[in-house]
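Okay, structure first, notes after.
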Amino acid sequence: MMMTTFYQPEGALLDTAENKAAVATAQSLLQAQATGRILEARATMCDSSHNLWVNLPCMRGIIPREEGAVGIAEGELRDIALIARVGKPVSFCVLRIETDENGEPVAVLSRRMVQEQCMERYLAHLQPGDVIDARVTHLEPFGAFVDIGCGIVSMVPIDTISVSRISHPSDRFTVGQCVRVIIKAVQGKRICLSHKELLGTWEENAALFHVGETTCGIVRSVEKYGVFIELMPNLAGLAELRQPVRPGQRTSVYIKALIPEKLKVKLILVDVCEDVATPDPIRYFYNDSHIDRWVYTPENSGKHIETVFDGTM
Numbered sequence: 048m049m050m051t052t053f054y055q056p057e058g059a060l061l062d063t064a065e066n067k068a069a070v071a072t073a074q075s076l077l078q079a080q081a082t083g084r085i086l087e088a089r090a091t092m093c094d095s096s097h098n099l100w101v102n103l104p105c106m107r108g109i110i111p112r113e114e115g116a117v118g119i120a121e122g123e124l125r126d127i128a129l130i131a132r133v134g135k136p137v138s139f140c141v142l143r144i145e146t147d148e149n150g151e152p153v154a155v156l157s158r159r160m161v162q163e164q165c166m167e168r169y170l171a172h173l174q175p176g177d178v179i180d181a182r183v184t185h186l187e188p189f190g191a192f193v194d195i196g197c198g199i200v201s202m203v204p205i206d207t208i209s210v211s212r213i214s215h216p217s218d219r220f221t222v223g224q225c226v227r228v229i230i231k232a233v234q235g236k237r238i239c240l241s242h243k244e245l246l247g248t249w250e251e252n253a254a255l256f257h258v259g260e261t262t263c264g265i266v267r268s269v270e271k272y273g274v275f276i277e278l279m280p281n282l283a284g285l286a287e288l289r290q291p292v293r294p295g296q297r298t299s300v301y302i303k304a305l306i307p308e309k310l311k312v313k314l315i316l317v318d319v320c321e322d323v324a325t326p327d328p329i330r331y332f333y334n335d336s337h338i339d340r341w342v343y344t345p346e347n348s349g350k351h352i353e354t355v356f357d358g359t360m
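Numbering (this note's numbering), first residue to last: 48 to 360.
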């Protein structure tokens, strides 16, 4: 497999010293053209013909519409995908340097070619269970869309984001956030992703808390029989509903009991904070590059929850 450092989510190269040097002069751009080097700059405009323009330190750069992304020329991707890149980093390689009608140099660039390379040399070699870096691009009620390399986007369904249930991916992620994801299956060009398996088992999460402690939590759902309060993305407990609360509120809770065989965390709701919770930094319990099987439940539990990364959905 090619080194993943060549095919990172857009924005990873933008502020590196190597990238800054490569876009600094016409000579360095020509050298990048000769070697096929992947560069990055920030898109500043999408014109009426849906060409993307970038401002390079030495000259203007244009990514013609057909070179803007894989699928644009074929009609498989709508032009909104290009419009949405304005103000954001874009990956590209240099096709040539031309002179415009005013005699000024213009670098003609291709984002499509970079994405084709990424698909052929990197994404095509990924296997179920591989753990890769990604960047959140946008959030929908049904899932989080993430850039898995050079602007190529895949989705993390909402039910695979964490064990603790959330009402919207914005409860867990923010746009632009760097995350890690797992390849769950590869179906042709479609890459299916998961995330919750990186957030720890029940026991790993429960080990961070002790009976008798008072800690913070986030209300995730309010039921007739109680309120579910999340302590960690993969650990939630139930408290009696003693005062009005609503999903998303931060609370203080007393930990009454941790019962691994029943996967239960018994809580007492102490107080409700005024602020609505914003996503906390993600804590990953698994930091290797591949996982074959993940078991969430303890051995003595009456339930068995696991994920096997065998390519099936």
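Yeah, the Cβ is synthetic: ideal placement off N, Cα and C, and Gly gets one too. Just so it is clear, the structure is predicted and the values come from calculations on it, not from any experiment.
Contact annotation: Val266 and Pro307 have beta-carbon atoms that are not nearer than 8 Å. Annotation for Thr354: no alpha helix (DSSP H) segment contains it, though the beta strand (DSSP E) segment containing it runs 353-355. A contact is defined here as three or more CB-CB pairs under 8 Å, and the segment 300-320 meets this definition with respect to the segment 278-292. Taking a C-beta distance under 8 Å as the contact criterion, Cys105 and Gln162 do not qualify as a contact pair. Within the same chain, and ignoring the five residues on either side of Ile329 in sequence, the residues whose Cβ sits closer than 7 Å to its Cβ are Val226.
With respect to the 8 Å criterion, Val133 and Met92 are classified as neighbours on the basis of their beta carbons. In the three-state reduction of the DSSP assignment, Asp194 falls in the strand class, which pools E and B.
By the CB criterion at 8 Å, Val137 and Ala79 fall outside the cutoff. Judged by DSSP secondary structure, Asn102 falls within the beta strand (DSSP E) whose first and last residues are 99-102.
Scanning the segment 264-328 for uninterrupted beta strand (DSSP E) segments of 3 residues or longer gives 273-279, 282-286, 296-306, 311-323, listed from N- to C-terminal end.
Here the segment 238-258 lies against the segment 270-283, with 3 or more beta-carbon pairs under 8 Å apart.
Looking at the DSSP output, Ala116 bridges to nothing. The closest CA to that of Ser241, considering only Gly235, Ser201, His351, is found on Ser201. Closest option to Glu321, judged by alpha-carbon separation, among Tyr333, Ile315, Pro175, Pro291: Pro291.
DSSP, reduced to helix, strand and coil, places Phe220 outside both helices and strands of the structure shown, so it counts as coil. DSSP, reduced to helix, strand and coil, places His215 outside both helices and strands of the structure shown, so it counts as coil.
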